[in-house]
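Residue numbers (the numbering used here), protein chains in the order written: chain A, 6 to 359; chain B, 6 to 359; chain C, 6 to 359; chain D, 6 to 359.
Glycine residues also receive a C-beta, built at the ideal position from the N, C-alpha and C atoms.
From a predicted model like this one, the values you see are computed outputs, not experimental measurements.
Notes for the one structure printed next.
There are 4 protein chains.
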Amino acid sequence: MKNQKRLRDYGIVIGKMKTGKRNSISDVDGVKVGHFTLKDNNIQTGVTAILPHGGNIFKEKVMAVSHIINGFGKTMGTIQIDELGTIETPIILTNTLGIGTAADALIEYMLEQNEDIGNTTGTVNPVVCECNDQYLNDIRGKHIKKLHIFEAIKNADVDFEEGAVGAGRGMSCMGLKGGIGTSSRILELGEEVFTIGALVMSNFGAKENLIIDGVKIGKLIEEIDNNTYPGEDKGSIIIILATDIPLTVRQLKRIAKRAVVGLSRTGSYIGNGSGDVVIGFSTVNRINHYEDRATIPIKMFNEDKMDTAFRAAAEAVEEAILNSMVCAETTIGKDGNRRDSLGEFMDKGASHSS
Amino acid sequence: MKNQKRLRDYGIVIGKMKTGKRNSISDVDGVKVGHFTLKDNNIQTGVTAILPHGGNIFKEKVMAVSHIINGFGKTMGTIQIDELGTIETPIILTNTLGIGTAADALIEYMLEQNEDIGNTTGTVNPVVCECNDQYLNDIRGKHIKKLHIFEAIKNADVDFEEGAVGAGRGMSCMGLKGGIGTSSRILELGEEVFTIGALVMSNFGAKENLIIDGVKIGKLIEEIDNNTYPGEDKGSIIIILATDIPLTVRQLKRIAKRAVVGLSRTGSYIGNGSGDVVIGFSTVNRINHYEDRATIPIKMFNEDKMDTAFRAAAEAVEEAILNSMVCAETTIGKDGNRRDSLGEFMDKGASHSS
Amino acid sequence: MKNQKRLRDYGIVIGKMKTGKRNSISDVDGVKVGHFTLKDNNIQTGVTAILPHGGNIFKEKVMAVSHIINGFGKTMGTIQIDELGTIETPIILTNTLGIGTAADALIEYMLEQNEDIGNTTGTVNPVVCECNDQYLNDIRGKHIKKLHIFEAIKNADVDFEEGAVGAGRGMSCMGLKGGIGTSSRILELGEEVFTIGALVMSNFGAKENLIIDGVKIGKLIEEIDNNTYPGEDKGSIIIILATDIPLTVRQLKRIAKRAVVGLSRTGSYIGNGSGDVVIGFSTVNRINHYEDRATIPIKMFNEDKMDTAFRAAAEAVEEAILNSMVCAETTIGKDGNRRDSLGEFMDKGASHSS
Amino acid sequence: MKNQKRLRDYGIVIGKMKTGKRNSISDVDGVKVGHFTLKDNNIQTGVTAILPHGGNIFKEKVMAVSHIINGFGKTMGTIQIDELGTIETPIILTNTLGIGTAADALIEYMLEQNEDIGNTTGTVNPVVCECNDQYLNDIRGKHIKKLHIFEAIKNADVDFEEGAVGAGRGMSCMGLKGGIGTSSRILELGEEVFTIGALVMSNFGAKENLIIDGVKIGKLIEEIDNNTYPGEDKGSIIIILATDIPLTVRQLKRIAKRAVVGLSRTGSYIGNGSGDVVIGFSTVNRINHYEDRATIPIKMFNEDKMDTAFRAAAEAVEEAILNSMVCAETTIGKDGNRRDSLGEFMDKGASHSS
């Protein structure tokens with residue numbers, strides 16, 4: 006992805022399953038990701054857009070679920086996702102106080118794409134997720150503007166940056182720099198091959214708890230880097246899971262629930278103040294907005310094969326979180342607040358040991 | 006159904022949709038119902054079994070959901086129904102303190118039918134629902150025996166009695182005699198025709214609240230019949246919904262949630278002490294216990310056609326409740342406690358007005 | 006309330022419990038409601054704000070729940086309500102495509118009231134509910150502006166209008182004019198007296214289904230008034246429940262679930278396209294944003310007294326819905342689309358029969 | 006606990022918090038645990054009873070929650086726990102096909118203790134949890150009898166055995182011997198001191214995945230011990246959390262949700278076939294079965310202190326799982342099937358390295 010140094014470049018491999026070609030959520034055919042980043046002294050924030058497919062998402066919805074690991078968060082759109090089992094817009098990630106603007110921009114974008122909305126058909130359900138970047142970003146300044154959302158959507162591509170970019174620009178994770186990360190896993194089931202991809206916006210946890218592939222490295226880093234947020238730990242993680250496995254909504258929900266396994270293994274205790282939210286979607290079994298047939302043929306997944314999908318989701322989430330940190334550069338933001346890069350620590354460690 | 010006088014025989018029609026041939030849950034192809042009834046002075050109780058289809062239910066599971074309207078109840082098996090979206094045993098209804106025995110009997114029945122259970126394959130999830138019949142029945146006597154469950158299953162038929170029979174024998178509803186009732190509705194969607202059937206075990210509510218098709222008849226009856234349970238109102242209703250619409254589990258759950266509409270219209274306020282539980286299943290989209298394919302073709306229902314299904318479920322539940330009362334004979338049980346028949350009141354009213 | 010003719014003015018009484026002084030959600034001490042209304046040809050929309058108490062809601066949160074009857078809706082803020090059991094902002098009601106603007110305005114309002122948000126403490130969870138008013142209102146025009154939210158909050162009072170005002174301006178209910186309605190009930194439990202109040206924004210259903218106090222009046226009205234929405238039935242109802250009963254969140258959730266009883270009795274089948282959402286809060290047991298004590302004394306309600314609260318909630322919701330319709334004037338909006346007033350029908354009926 | 010060698014005796018410490026005096030669920034004042042064990046060739050099974058307090062649990066209920074991590078399980082009683090937020094019986098653990106018998110025995114036990122049940126008051130909600138021990142135990146033989154449940158309850162004590170005892174007798178975990186394990190953590194909050202205790206019945210996972218305190222030891226053990234279950238992996242884990250923190254049900258549920266953190270860190274991917282169920286209860290804020298007051302003073306926990314409780318729950322669960330394995334002896338059961346002891350592996354490793 007965009008020539009950044011990622012976790013595997015340090016020789017660390019999470020789990021035992023194969024990754025997709027890009028080790029990215031965009032290994033799921035059709036999925037694209039775009040960023041818009043604001044970085045200027047006190048302003049360290051941005052927008053990330055995830056497009057489930059390249060067509061008109063309102064007209065051709067994807068099956069989707071939300072799963073709330075911890076609900077201290079403001080993610081929008083989950084009520085309708087849970088009821089109808091579909092997503093009908095791009096998924097927008099931004100900072101917590103930008104959700105109103107992001108929702109409004111997304112509504113405008115959808116109205117422009119679809120003249121029927123609010124006219125000859127009903128309305129639209131904007132999906133907006135958020136984390137709080139107030140440590141590095143002047144979040145009260147409300148610097149997210151509608152244009153930024155349009156730009157992030159426009160920038161969507163199969164190749165995209167990780168780390169301190171887009172909505173991840175101002176995020177902190179485990180007392181270090183957090184941000185956007187991604188990873189994927191391949192499921193080979195007989196002759197059928199499927200992909201599960203994860204993208205995270207990481208913004209949770211305390212430094213002392215960081216675990217990398219079982220190694221409790223957080224305490225070690227804490228001794229070197231005692232730069233800790235003086236205020237409350239108001240974190241969050243947004244986890245987007247994409248797959249091309251033909252799943253029913255119930256099945257997709259089961260997979261989304263396994264994200265917590267990967268999250269736990271990076272050292273999270275699912276903190277009180279952390280809005281830990283999973284949005285999952287499958288790019289197959291699409292639902293037409295206009296549908297005449299009384300019944301519609303779809304495919305479901307063999308429940309007995311689920312364990313492989315569960316492992317894939319857990320592995321991809323764990324690696325996506327670590328990628329979000331490894332790829333994120335040290336960032337100095339609001340009031341000179343600073344978050345150090347995990348990647349830079351690991352580079353030093355690597356040079357020491359060599 | 007078995008030549009009993011039902012609600013429609015009094016000229017009262019709930020809703021506007023057509024009923025199935027029998028106006029019964031057994032209008033859903035393959036569904037059968039069997040009773041075993043105990044009636045002897047203090048012992049007024051029994052068992053009702055609902056068979057989703059005539060084959061081996063463990064080997065060929067039906068998609069299913071549970072929906073808890075109010076959880077002051079002891080229904081068993083819902084955790085697995087909710088996770089896997091299937092039922093793999095007959096559904097057993099009995100009195101509250103009989104659930105252990107019923108579960109044990111159902112396990113035995115399933116072991117006998119399936120030599121692989123607990124041996125070369127996993128275990129089995131018995132589904133047992135209950136209401137408390139302690140006003141008419143010596144429930145502490147624990148008169149339900151395993152044999153009664155086997156008999157109820159054996160007695161299953163498309164034609165079955167309603168009212169004070171089977172598990173409904175000792176039940177009270179709206180201060181009158183409750184019990185088992187059923188009804189069905191037909192959905193004509195273009196060239197496709199579907200059926201939704203409801204079966205209830207009614208055991209809830211207070212006399213003054215009874216509503217029949219909008220008419221608040223409860224207060225009227227209360228003036229004539231002041232026989233009211235002196236103790237607490239510990240009611241419940243079990244609602245079984247069956248359909249041949251091809252539904253995903255998410256869709257089936259939505260339909261199950263509309264049962265409360267029918268329930269509310271009979272006068273229920275969903276009382277604190279009332280375990281109001283819905284179990285729904287679709288007889289199509291069956292799931293094989295042994296399945297080799299990685300993906301399985303199924304059909305889902307067009308979400309835009311849901312309103313018809315919602316209305317059908319609400320109408321069938323409302324009428325099933327009223328049928329359970331109309332068909333139930335006046336019953337004198339434990340300690341001479343007595344519940345009067347709604348049907349007998351209506352007969353008197355009919356003769357008065359004629 | 007504001008000298009409007011309400012349901013009881015037609016001699017129709019829902020249920021058997023006493024109402025509060027105003028028969029309004031504002032009978033719950035401290036609760037206020039404010040509107041801002043836009044009415045100008047194609048623009049028939051607005052904002053309604055509900056204030057749980059007169060103090061700083063962020064600093065002194067009220068215990069709260071959400072309950073989703075049907076999730077075809079975009080209500081914001083429910084994830085955090087469900088996790089933490091509190092509301093920390095006024096509740097804003099508006100049209101579906103105005104939620105982004107409303108959320109953004111509410112965030113601004115909260116930032117202004119609280120300098121610590123996003124600075125020395127975390128962020129804030131804006132609660133915004135919506136219905137789709139596209140039949141009467143040019144919803145695509147996005148006429149809701151931030152100023153309108155501020156005005157609605159400013160206008161909050163214990164006395165407020167019902168019907169075609171505020172967010173209810175463009176709403177349709179049962180094929181007639183919907184809008185804002187309210188009602189309340191008093192619970193006398195020994196020496197303690199409590200209040201439950203409901204406020205609804207009604208925008209659901211089909212004319213033929215309208216039931217008033219058990220009477221299926223919808224069909225009758227349909228014969229006279231065949232003005233029916235030609236497009237899809239994309240409705241919704243927002244139900245706000247307020248109480249001064251000291252409840253835990255679990256208990257409050259149970260009460261919120263009884264709103265559906267009142268809803269069902271007005272004729273709703275909980276339609277597929279209807280986002281039926283309940284937000285409930287208790288004004289006692291407040292939670293301080295800054296709290297030092299490890300444990301906090303609160304009061305809970307005796308579960309055995311719940312039935313009275315359930316009935317109160319069901320009655321208040323049923324009457325609030327009917328008040329929303331009775332008080333709403335006939336409205337002509339977008340493209341000359343028209344919704345007739347139930348109150349005007351009833352006036353005619355009254356004059357006929359007299 | 007009963008002089009068994011536990012995880013800490015190998016110098017392995019999970020987390021950073023202090024344990025209670027016994028490092029056991031019985032460190033929560035009043036909690037007792039009793040076993041009844043059957044071990045005779047093909048019969049390797051039993052019963053474990055957890056008593057929330059020493060009084061009459063029906064008359065003085067404890068606040069409780071269930072949390073379903075994965076619902077491929079048959080645990081009984083959760084519907085009412087979720088609705089009313091209380092447990093009113095001892096919690097019984099046994100094998101999957103023994104739940105009917107266990108429920109029936111528990112009902113009998115409660116009837117005997119309480120003459121009012123089913124007579125002058127309502128019925129009772131038996132709480133029974135299960136795992137499938139069919140690899141080591143002739144589960145089809147249904148060897149659990151009612152007497153065994155009574156004996157397990159009678160045997161309850163603050164000191165109890167861990168490992169291959171009681172309901173844990175036939176359980177397998179991570180391809181090794183599983184069973185019963187326990188652990189506890191102390192929370193010091195200012196001058197107030199609280200305890201959280203966990204008890205697990207472990208029966209999940211695959212050997213290759215076992216992680217002990219971050220070390221992926223499973224693969225190592227797999228090389229030595231290639232004794233793997235030839236059939237399907239039909240596992241489960243039951244997790245009982247007890248605490249003396251004054252919590253509302255909502256708060257207790259949040260803590261129960263953190264059990265998955267501990268579970269994940271032992272190597273679980275929350276397998277498809279694994280019924281992973283948490284039951285949590287608080288021994289304070291008890292609810293009287295007979296209560297006259299309209300409102301009841303209780304205490305709730307300061308939400309801002311939750312993180313300590315979350316960590317305590319996660320740590321206690323992780324250590325309880327490992328204790329269940331370390332304490333379990335190598336067991337040969339049905340058809341000569343064998344599960345090796347993790348403790349014995351660790352003893353060998355310890356002697357090698359010394």
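Who are residue i's beta bridge partners in DSSP?
i: N1(B); result: Limits of chain B in this structure are 6 at one end and 359 at the other, which puts residue 1(B) out of reach.
i: G39(D); result: A54(D)
i: Q49(D); result: K44(D)
i: V133(A); result: M81(A) and I97(A)
For residue i, which of helix, strand or coil comes out of DSSP?
i: H72(C); result: strand
i: Q214(A); result: Checking the displayed sequence, the identity of residue 214(A) turns out to be Asn instead of Gln. Helix.
i: Q256(C); result: helix
i: L344(A); result: As written in the sequence, residue 344(A) is Arg, which differs from the Leu given in the question. Correct three-state label for R344(A): strand.
i: G276(C); result: coil
i: K339(D); result: helix
i: A247(C); result: strand
i: E361(B); result: Any property of residue 361(B) remains undetermined from this structure, which presents chain B solely from 6 to 359.
i: L89(B); result: helix
i: A172(A); result: helix
Closer than 8 Å, CB to CB, is residue i near chain C or not?
i: T253(D); result: yes
i: L246(D); result: no
i: L215(D); result: no
i: Q5(A); result: Beyond the ends of chain A as shown, which are 6 and 359, falls residue 5(A); an answer cannot be given.
i: G195(D); result: yes
Of all Cβ atoms in chain D, is any one closer than 8 Å to the Cβ of residue i?
i: P235(C); result: Bear in mind that a pLDDT of 48 at P235(C), under 50, signals an unreliable position, so the model cannot answer this.
i: G354(C); result: no
i: R316(A); result: yes
i: G184(B); result: no
Between which two residues does the alpha helix (DSSP H) harbouring residue i extend?
i: F315(B); result: M311 to V331
i: T106(B); result: I104 to Q118
Would you verify that the beta carbon of residue i is, or is not, closer than 8 Å to some beta carbon of chain B?
i: I242(D); result: no
i: T24(D); result: no
Which residues bound the beta strand (DSSP E) around residue i?
i: G186(C); result: I185 to L194
Flag residue i as yes when its Cβ comes closer than 7 Å to any non-hydrogen atom of the ligand MG, and as no otherwise.
i: A169(A); result: Summarising the ligand content, the structure contains no ligands, and the ligand MG is consequently not present.
Check whether the Cβ of residue i lies closer than 8 Å to any Cβ atom in chain A.
i: T128(C); result: yes
i: L204(B); result: no
i: N137(C); result: yes
Selection of the segment 219 to 230 of chain B by Cβ proximity to chain C, strictly under 8 Å: Cβ proximity to chain C below 8 Å picks out G219, V220 and K221 from the segment 219 to 230 of chain B.
What are the residues in the segment 65 to 89 of chain A lying within 9 Å of chain C by C-beta distance? Of all residues in the segment 65 to 89 of chain A, S71, I73, N75, G76, F77, G78, K79, T80, M81, G82, T83, I84, Q85, I86, D87, E88 and L89 have a Cβ within less than 9 Å of some Cβ in chain C.
Between the segment 264 to 276 of chain C and chain B, which residues of the former have CB atoms less than 9 Å from a CB of the latter, in chain order? For the segment 264 to 276 of chain C, which is checked against every Cβ of chain B, the residues closer than 9 Å are V265, V266, G267, L268, S269, R270, S273, Y274, I275 and G276.
Using a beta-carbon distance cut-off of less than 9 Å, what residues from the segment 89 to 119 of chain C approach chain A? Listed by position along the chain: L89, N100, T101, L102, G103, I104, G105, T106, A107, A108, D109, A110, L111, I112, E113 and L116.
Quick one: which residues of the segment 36 to 64 of chain C get their C-beta closer than 7 Å to a C-beta of chain D? List them in chain order. If you check each beta-carbon in the segment 36 to 64 of chain C against every beta-carbon of chain D, none falls closer than 7 Å.
Between the segment 295 to 314 of chain B and chain A, which residues of the former have a C-beta closer than 7 Å to a C-beta of the latter? Hits within the stretch, in order: E296, R298, A299, T300, I301, P302, I303, K304, M305, F306, N307, E308, D309 and K310.
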